[in-house]
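Here the structure is laid out as structure tokens; the discussion comes afterwards.
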Amino acid sequence: MTAPTDEGHLDAQVFDEVVRATSELIRIDTTNHGAGEGNERPAAEYVASALADAGIEPRLLEKKSGRTNVVARIEGTDPAAGALLLHGHLDVVPAEPADWTVHPFSGEVRDGVVWGRGAIDMKNADAMALSLARAWARAGVRPPRDIVLAFTADEEDSAEFGSDFLVREHPELFEGCTEGISESGAFTFHAGPGMRLYPVAAGERGTAWLKLTAHGRAGHGSKVNHANAVSRLAAAVHRIGEHEWPVRLTPTVRAALVRLAELHGLRPLRPDAPDAEVDALLAELGPAAALVEPVVRNSANPTVLEAGYKVNVIPGTATARVDGRMLPGAEEEFHATLDALTGPEVDWEFQHREIPLQAPLESPLFAAMGEALEHFDPGAHAVPHCMSGGTDAKQFSRLGVAGYGFTPLKLPEGFDYQALFHGVDERVPVEALHFGIRVLDRTLLGTAARSSTSARASTTGGDPLGGDRATGRDATTPSGG
33 MTAPTDEGHL
43 DAQVFDEVVR
53 ATSELIRIDT
63 TNHGAGEGNE
73 RPAAEYVASA
83 LADAGIEPRL
93 LEKKSGRTNV
103 VARIEGTDPA
113 AGALLLHGHL
123 DVVPAEPADW
133 TVHPFSGEVR
143 DGVVWGRGAI
153 DMKNADAMAL
163 SLARAWARAG
173 VRPPRDIVLA
183 FTADEEDSAE
193 FGSDFLVREH
203 PELFEGCTEG
213 ISESGAFTFH
223 AGPGMRLYPV
233 AAGERGTAWL
243 KLTAHGRAGH
253 GSKVNHANAV
263 SRLAAAVHRI
273 GEHEWPVRLT
283 PTVRAALVRL
293 AELHGLRPLR
303 PDAPDAEVDA
313 LLAELGPAAA
323 LVEPVVRNSA
333 NPTVLEAGYK
343 VNVIPGTATA
353 RVDGRMLPGA
363 EEEFHATLDA
373 LTGPEVDWEF
383 QHREIPLQAP
393 LESPLFAAMG
403 EALEHFDPGA
413 HAVPHCMSGG
423 TDAKQFSRLG
433 VAGYGFTPLK
443 LPEGFDYQAL
453 FHGVDERVPV
463 EALHFGIRVL
473 DRTLLGTAAR
483 SSTSARASTT
493 GGDPLGGDRA
503 TGRDATTPSG
513 G
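First residue of the sequence shown: 33, per my numbering; consecutive thereafter.
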């Protein structure tokens, strides 16, 4: 069967189902508490039942009881085309009900909006993939490429029980996958009057979560102490917090700046532009600068301080945590800079380390994603994007899968999408879900990108709807976000 090029195969049911699935998945509390504590199994069983009802055979896989993943494959029409991985995580970060307008696990649909933890990150995307697969099954549609569906556990922590486990223990399930799409990109970004942008992610900064330890001489708080661990740590933390990192433009970020300058009618960025010129361009981009500013440099933000147990006792050690992020190609600079900033009296180590990613901007898939967005929102512009945080794409890149961030949502002006990630009153408009179904459908059926070296990942380092990874991690601390 040839894949259709219009929407005739999308029935009314798919648009009802995507809303219902988003709501029902939210109602299943899959909070990831960290330290291995979580339970995605009820959500995984929900997904597996819905797939099986549509004639799609799911596999449920666990490294630890309750930390369940679902993987299924939809066979394509072109055996020569590389398979595409469509993946999303089932876990969510904690939510305090007292802080919310509605209960975070209610899945309430109110005034055309679905509320609850996971509405944006990322049970909405899980529902889109699930509902679209079922719609294709009802219509007898097969995509050009094999589509591997993966619904993972533990993305919001270490990925040890999710994508890391799948990549280590079950790589055969992803045989032939050359590209993958998942969370965080392709949302409407209102950059000014009449300017709607859709940032499609083709890169991620690497994660470098650090532990700093200062050693000193313990003693009485009333005595002179020139080997005070707290003072030493505080000085190092201050240096890190105040450090101005140099600009390091990756191909994805440079392409984003070039495109944004063009759309704003600004002078194009020179290939050898100094830091000051990049900063000046960011200042001229207005709201659109928020899409690029976090990813033109490495970063290191102190986040946790721990020292002492009594006010009149100088402790012998003091520790801090730092959230570091590394751009592709800038990892060695990050190491050397941290050595210099911490100095000889403070040690530092990785508590969690993950590779940065880049995916090709020239791929047919990237072009198809942009075309589909602009087709369903005429006058809008798809732009390249690099994510400041991280996703399961890092784990799947170890299988040679080039990862893109693509969860299409058409959002109204004033809807602060990025603030809702891990935020209070997380929610998604119903119409955004309907838009996402259409765009995802057109993207997946509209291209049969061939496997090639250019499409490989680049790294540096009942019917519920009808009635272990390789090197890089030094500790089981979160990879999500």
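Where is the CB? At the ideal position from N, CA and C, for every residue including glycine.
Residue(s) in a DSSP beta bridge with residue i
i, result
"His14", "Residue coverage of the chain in this structure runs from 33 to 513, which leaves residue 14 outside it and unanswerable."
"Ala404", "In DSSP, Ala404 forms no bridge with anything."
"Ile27", "Nothing about residue 27 can be read from this structure; the chain reaches only from 33 to 513."
"Arg353", "Lys243 and Val336"
"Ser331", "Arg357"
"Asp379", "Thr245"
"Asn64", "According to DSSP, which records beta bridges pairwise, Asn64 is partnered with nothing at all."
"Gly437", "Ser214 and Ala233"
Distance between residue j and residue i (C-alpha atoms, nearest Å)
i, j, result
"Gly150", "Val124", "6 Å"
"Leu317", "Ala250", "52 Å"
"Glu236", "His417", "9 Å"
"Val199", "Leu117", "13 Å"
"Ser395", "Leu476", "14 Å"
"Ala312", "Ser216", "27 Å"
"Pro188", "Asn71", "In the sequence under discussion, the amino acid at residue 188 is Glu, which differs from the Pro named in the question. For Glu188 and Asn71, the distance between alpha carbons rounds to 12 Å."
"Arg459", "Lys342", "44 Å"
"Thr284", "Ala391", "8 Å"
"Ala161", "Asp379", "45 Å"
"Asp48", "Ser163", "9 Å"
"Glu192", "Trp132", "30 Å"
"Leu337", "Ser263", "12 Å"
"Val269", "Ala368", "16 Å"
"Pro129", "Ser97", "27 Å"
"Val354", "Thr109", "48 Å"
"Val46", "Val103", "21 Å"
Cβ pair residue i, residue j closer than 8 Å
i, j, result
"Val180", "Arg99", "no"
"Val327", "Phe408", "no"
"Leu295", "Met227", "yes"
"Ala516", "Thr439", "Absent from the structure is residue 516, since the part of the chain shown begins at 33 and ends at 513."
"Ala234", "Phe398", "yes"
"Thr210", "Ala434", "yes"
"Leu292", "Ala246", "no"
"Arg280", "Leu359", "yes"
"Asp424", "Ser195", "yes"
"Ala167", "Leu42", "yes"
"Ala113", "Arg177", "yes"
"Leu301", "Val415", "no"
"Glu377", "His222", "no"
"Ile152", "Tyr449", "yes"
Whole-number beta carbon distance between residue j and residue i, since they are thought to touch under 8 Å
i, j, result
"Ala242", "Gly87", "Reading the sequence as shown, one finds Leu at residue 242 and not Ala. In fact, because the Cβ distance is near 48 Å, the residues do not count as touching under 8 Å."
"Val310", "Ala288", "About 12 Å separates the two Cβ atoms, so there is no contact after all."
"Glu386", "Lys426", "5 Å"
"Leu92", "Ala80", "6 Å"
"Gly402", "Val173", "Going by Cβ atoms, the distance from Gly402 to Val173 rounds to 23 Å, so no, they are not a contact pair."
"Val462", "Val51", "5 Å"
"Arg59", "Gly139", "4 Å"
"Ala240", "Phe366", "6 Å"
"Leu244", "Ala352", "4 Å"
"Ser214", "Gly148", "So it is not a contact: roughly 20 Å between Cβ atoms."
"Gly212", "Phe453", "The Cβ separation is near 20 Å, so there is no contact."
Residue i, DSSP secondary structure in three states
i, result
"Ser216", "coil"
"Ala481", "The predicted model places Ala481 with a pLDDT of 44, which falls under 50 and marks its position as unreliable; any figure quoted below should be read in that light. It is coil, neither helix nor strand."
"Val256", "coil"
"Thr369", "helix"
"Met160", "helix"
"Ala250", "coil"
"Pro396", "helix"
"Arg99", "coil"
"His270", "helix"
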